[in-house]
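Read through the structure below, which is laid out as structure tokens, and then see the notes.
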Amino acid sequence: MDEWFEKQKREMLRIIGKFTPEDGTHDTEVPGLRLIRSSRLSEPVYSVYEPSLCVVAQGSKVVMLGQELYQYDPSSYLTASVHLPITGQVMEASNETPYLSMQILFDMSQILDVIQASGDVIRSRTETSRGLRVSRVSDTLLDAVLRLLKLVETPRDIPVLAPYAMREIIYRVLQNENSASLMQFAVVGSHAQRIAGVVEKLNRDFAQPLRVDELAAEASMSASSLYDYFKEVTGMSPIQFQKQIRLQEARRLLLSGSIDAAEAAFQVGYESPSQFSREYARMFGMPPIRDIHRLRGSIV
-6 MDEWFEKQKR EMLRIIGKFT PEDGTHDTEV PGLRLIRSSR LSEPVYSVYE
44 PSLCVVAQGS KVVMLGQELY QYDPSSYLTA SVHLPITGQV MEASNETPYL
94 SMQILFDMSQ ILDVIQASGD VIRSRTETSR GLRVSRVSDT LLDAVLRLLK
144 LVETPRDIPV LAPYAMREII YRVLQNENSA SLMQFAVVGS HAQRIAGVVE
194 KLNRDFAQPL RVDELAAEAS MSASSLYDYF KEVTGMSPIQ FQKQIRLQEA
244 RRLLLSGSID AAEAAFQVGY ESPSQFSREY ARMFGMPPIR DIHRLRGSIV
């Protein structure tokens, strides 16, 4: 890495370290900007990634989508184009050199606005590809990201300058050779945009029975096309996607509440507690009650 790049990264480290006094995810006054700190290697963390850009200042992280692994570090960044159930794990971190990163949330209207304003500078692409992508950090993108990050130190500038910094970040990402994974979801009527609607519905109505024919009709696709395009975007079939969302929500309910495993199963849409227990153990490595006891015992 050249001297300029290293200087920019050091400034990112300084600001993120300043505003993350302890491990965890920290919201900022800049809309859509979160800062993350971890001083130790993590166990696999199950969550749903929102449409966002993730940039690492120090350390590295691995994200699993379906059976695919995506690793990113200070030389790369990750973009998530739709809400996707993932498993994330911090791979490089210590008390002396904690994992430090930032997540910038965005929506498709912002992307479409930049595409429309750019004219021929950015050419819209409609091919369907995975909704998660790791790309190399360019100097121009790093400069724009740092400009947004610096606003946390000057809150009075946020209302005026944050929208412009966000707009430039999206523009720089769309200039990247891998931008189709993000751009496709903003193109009205594209297969990817229609699949994004299906993803949104499954995230919202995960406890309801899965009816592929109805989803396909809403997306104006055949059932076989829906299956193929859905798997292309998410790396999973619709039923696998729904299962991950259901099990993640059940785990959250069990960890945060006083309900038992059977009640959690029914709340997330399972009719059979035994099937729920089997699928839960397959995903998290042990049955619900044992898993929750272990998690609660690890919280200090």
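Letter by letter, the sequence shown follows residues -6 to 293 of our numbering.
Built from N, CA and C at the ideal position, the CB exists for glycine as well.
Sheet register partners of residue i (DSSP bridge)
i      : result
Pro299 : Outside the modelled stretch of the chain, which goes from -6 to 293, sits residue 299, for which no answer is possible.
Ser128 : Tyr70
Val48  : Tyr70, Met95
Lys54  : Tyr65, Val83
Distance, residue j Cα to residue i Cα
i      : j      : result
Tyr273 : Pro152 : 44 Å
Gly190 : Thr13  : 35 Å
Val205 : Phe223 : 11 Å
Leu26  : Met95  : 7 Å
Gly124 : Gly290 : 35 Å
Ile8   : Asn88  : 17 Å
Val166 : Arg160 : 10 Å
Ser213 : Ile188 : 10 Å
Leu28  : Lys194 : 28 Å
Ser68  : Leu175 : 19 Å
Thr72  : Ala258 : 32 Å
Ser230 : Gly278 : 22 Å
Pro281 : Ala254 : 6 Å
Leu139 : Phe99  : 17 Å
Run of the beta strand (DSSP E) containing residue i, from where it starts to where it stops
i     : result
Ile29 : 26 to 31
Residue i in three-state terms, based on DSSP
i      : result
Ala86  : coil
Gln241 : helix
Arg17  : In the sequence as presented, Arg is not what sits at residue 17; that position holds Gly. Gly17 falls in the strand class under three-state DSSP.
Gly262 : coil
Asp106 : helix
Arg187 : helix
Ala200 : coil
Leu167 : helix
Glu36  : coil
Glu276 : Reading off the sequence shown, one finds Met at residue 276, where the question assumed Glu. Helix.
Gly182 : coil
Val23  : coil
Gly59  : coil
Ser230 : coil
Val293 : Because the pLDDT at Val293 is just 41, under 50, the model does not fix this residue reliably, and the value given afterwards should be weighed accordingly. Three-state result, Val293: coil.
N- and C-terminal bounds of the alpha helix (DSSP H) containing residue i
i      : result
Thr147 : Looking at the DSSP string, Thr147 is not in any alpha helix (DSSP H), and its letter there is neither H nor E.
Ile9   : -4 to 11
Ile252 : No alpha helix (DSSP H) holds Ile252; DSSP gives it neither H nor E.
Leu219 : 216 to 227
Asp100 : Careful: Asp100 lies outside any alpha helix (DSSP H) and carries neither H nor E.
Arg123 : Note, Arg123: premise wrong, no alpha helix (DSSP H); not H, not E.
Leu208 : 205 to 211
Count Cβ pairs between the region -2 to 7 and the region 58 to 66 that sit closer than 8 Å; are there 3 or more? no
Check whether the region 251 to 267 and the region 196 to 214 are in contact - that is, three or more C-beta pairs closer than 8 Å. yes
Three or more C-beta pairs below 8 Å linking the region 208 to 227 and the region 61 to 70: no
Segment contact, 8 Å Cβ cut-off, at least three pairs: the region 76 to 92 with the region 42 to 50: Taking a cut-off of 8 Å on C-beta distances, the region 76 to 92 touches the region 42 to 50, as three or more cross pairs fall below it.
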